[in-house]
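K.L.:
So the protein lines, in turn, are chains A and B.
Following my numbering, the numbering of the first sequence begins with -3 at its first residue and continues without gaps.
Following my numbering, the numbering of the second sequence begins with 139 at its first residue and continues without gaps.
Backbone N, C-alpha and C define an ideal beta-carbon position, used for all residues, glycine too.
The structure displayed is predicted, hence computed values, not measured ones.
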Amino acid sequence: MIELALHILDIVQNSIVAKASLIEISIHEDVKNNVMTILIEDNGKGMSKEEVKCASDPYFTSRITRKVGMGLSLFKSAAEQCSGTFNITSEPGLGTKVAVTMQYAHLDRQPLGDIAGTIALLASSNPYTDFIYNHITNSGEYTFNTKEIKTELQDVSITNPKVIKFIREMIQENIKEINHL
Amino acid sequence: MTKVKSLADLKKLKDNLQGQLKLREKGLDAGSHVQIKVAMATCGIASGAKGVMDFLIEELDKRNIEAVVTQTGCMGYCYAEPTLEVTKPGEEPIVFGYVDIRKADEIIEKYIKNGELIDGIIPQNYETIQNK
Chain A
-3 MIELALHILD IVQNSIVAKA SLIEISIHED VKNNVMTILI EDNGKGMSKE EVKCASDPYF
57 TSRITRKVGM GLSLFKSAAE QCSGTFNITS EPGLGTKVAV TMQYAHLDRQ PLGDIAGTIA
117 LLASSNPYTD FIYNHITNSG EYTFNTKEIK TELQDVSITN PKVIKFIREM IQENIKEINH
177 L
Chain B
139 MTKVKSLADL KKLKDNLQGQ LKLREKGLDA GSHVQIKVAM ATCGIASGAK GVMDFLIEEL
199 DKRNIEAVVT QTGCMGYCYA EPTLEVTKPG EEPIVFGYVD IRKADEIIEK YIKNGELIDG
259 IIPQNYETIQ NK
């Protein structure tokens, strides 16, 4: 993975497999305090204590198509290589929460990358799952919620390519707005 | 200052699309569409599946091909990522491996438009003579 947005895209797949109906992604870029926080929270089926312990082990996976599961362990190492922390908490039946912090200005911190495209892809590929994306910087905050989008769209599908493009551009422009310091 | 897109703009786009969609079927019914599933587990994403998926969504729309592009998990062909499963209406699905943007373009032009088979097919679901 070369950007944080790709890690997010990957970790969210876990939530989708866990049959979450609502997935919340928050990014906090606190440049002043040199901290970047990424939170991914779902209301999927959750994991037992044993599973949580193994989750970031690359040789543990719940799938049967292959024997390794690198997603969380790669995200963990991406955080730890820039003096960050990685935390995963889960409750069976309630959901799972992955929290990562990183030193914002650390040389090895990966760039955030195409987060707007990632959110747009996730929202359109999983039309029956709702996403809330919240982005905070030192100069503002932006929240994107697929529930609002779906209400607005009525009978037009969120999988429509023109809608996907619109969502990507809307998120891009709004993030740009709050990145003006 | 440039104007930032908002939900009000989305409403305009929706009204526009509704007009266009009236003659066609709406919604998620994908029976008459080409269905493309992009394998997007860790292996696929790390190999560039996102770029391929962005390309497919944009180009299929530009080239006026009715298609539904979605994500799927790992099919076990991690060595051949990014992989795509393409299902044309009424046909068996075909899995393509090592799909970069050039390959994706070839798949649209040759397989989806003309039905030509091209290099890079992973024989996942073939029928043998014995089984027929």
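Taking just the CA atoms, how far does B/Tyr215 sit from A/Arg62?
P.N.:
Here residue 62 of chain A is taken as the residue at index 66 of the first sequence, counted from 1. Here residue 215 of chain B is taken as the residue at index 77 of the second sequence, counted from 1. So the alpha carbons of these two residues sit roughly 9 Å apart.
K.L.:
Using a beta-carbon distance below 8 Å, is A/Glu144 in contact with chain B?
P.N.:
Counting from 1 along the first sequence, the entry for residue 144 of chain A is found at position 148. Answer yes: the Cβ-Cβ gap between A/Glu144 and chain B drops below 8 Å somewhere.
K.L.:
Tell me the rounded alpha-carbon separation between A/Leu35 and A/Pro107.
P.N.:
Taking the first sequence and counting its residues from 1, one reaches residue 35 of chain A at position 39. Taking the first sequence and counting its residues from 1, one reaches residue 107 of chain A at position 111. Roughly 16 Å separates the two Cα atoms.
K.L.:
When you compare the segment 7 to 22 of chain A with the segment 126 to 144 of chain A, are there three or more beta-carbon pairs, one atom per stretch, that lie closer than 8 Å?
P.N.:
Contact holds: three or more Cβ-Cβ distances are below 8 Å.
K.L.:
If you pair each beta-carbon of the segment 152 to 161 of chain A with each one of the segment 115 to 125 of chain A, do three or more pairs fall below 8 Å?
P.N.:
At 8 Å Cβ cutoff, the stretches touch.
K.L.:
Just confirm the distance between the C-beta atoms of B/Ala187 and B/Val176, as a whole number of angstroms; I'd bet it's less than 8 Å.
P.N.:
By 1-based counting over the second sequence, the position of residue 187 of chain B is 49. By 1-based counting over the second sequence, the position of residue 176 of chain B is 38. At roughly 5 Å, the Cβ-Cβ gap stays under 8 Å, so B/Ala187 and B/Val176 are in contact.
K.L.:
Shorter than 8 Å from the beta carbon of B/Gln173 to some beta carbon of chain A?
P.N.:
If you number the second sequence from 1, residue 173 of chain B lands on position 35. No - not a single Cβ of chain A is within 8 Å of the one on B/Gln173.
K.L.:
Helix, strand or coil for A/Lys158, going by three-state DSSP, please let me know.
P.N.:
Locating residue 158 of chain A in the first sequence gives position 162, counting from the first residue. Helix.
K.L.:
Taking Cβ-Cβ distances below 8 Å as the criterion, which residues of the segment 148 to 161 of chain A are in contact with chain B?
P.N.:
Listed by position, the residues of the segment 148 to 161 of chain A near chain B (Cβ gap below 8 Å) are Glu148, Leu149, Gln150, Asp151, Val152, Ser153, Thr155, Asn156, Pro157, Lys158, Val159, Ile160, Lys161.
K.L.:
For chain A, find out if any of its Cβ atoms is closer than 8 Å to the Cβ of B/Ile245; answer yes or no.
P.N.:
For the purposes of this step, residue 245 of chain B is taken as the residue at position 107 of the second sequence. No, B/Ile245 does not count as interfacial toward chain A.
K.L.:
Under the criterion of a Cβ to heavy atom distance below 7 Å, does A/Phe71 qualify as lining the ligand ADP?
P.N.:
No copy of the ligand ADP appears in this structure; indeed no ligand is present at all.
K.L.:
Tell me, please, whether the CB atom of A/Gly113 is closer than 8 Å to any CB atom in chain B?
P.N.:
Residue numbering aside, residue 113 of chain A sits at position 117 when the first sequence is read from its first letter. Closer than 8 Å: yes.
K.L.:
Which parts of the segment -3 to 43 of chain A are runs of the beta strand (DSSP E), unbroken and 3 residues or longer, counting only runs that do not cross its ends?
P.N.:
Within the segment -3 to 43 of chain A, the complete beta strand (DSSP E) runs of at least 3 residues are 18 to 26, 31 to 38.
K.L.:
Taking DSSP as the reference, what is the three-state secondary structure of A/Gly80?
P.N.:
Stepping through the first sequence from its first residue, residue 80 of chain A is reached at position 84. A/Gly80: coil per DSSP, three-state reduction.
K.L.:
State the CB to CB distance for the pair A/Ala51 and A/Ile84, rounded to an integer number of angstroms; the pair is presumed to be in contact (CB under 8 Å).
P.N.:
Within the first sequence, the letter at position 55 stands for residue 51 of chain A. Within the first sequence, the letter at position 88 stands for residue 84 of chain A. At roughly 6 Å, the Cβ-Cβ gap stays under 8 Å, so A/Ala51 and A/Ile84 are in contact.
K.L.:
Would A/Glu25 count as contacting chain C if we go by Cβ distances under 8 Å?
P.N.:
Protein chains in the displayed structure are A and B, and chain C is not among them.
K.L.:
Taking the C-alpha atoms as reference points, what is the distance between B/Lys141 and B/Ala218?
P.N.:
Mapped onto the second sequence, residue 141 of chain B falls at position 3. Mapped onto the second sequence, residue 218 of chain B falls at position 80. The straight-line gap from Cα to Cα measures roughly 43 Å.
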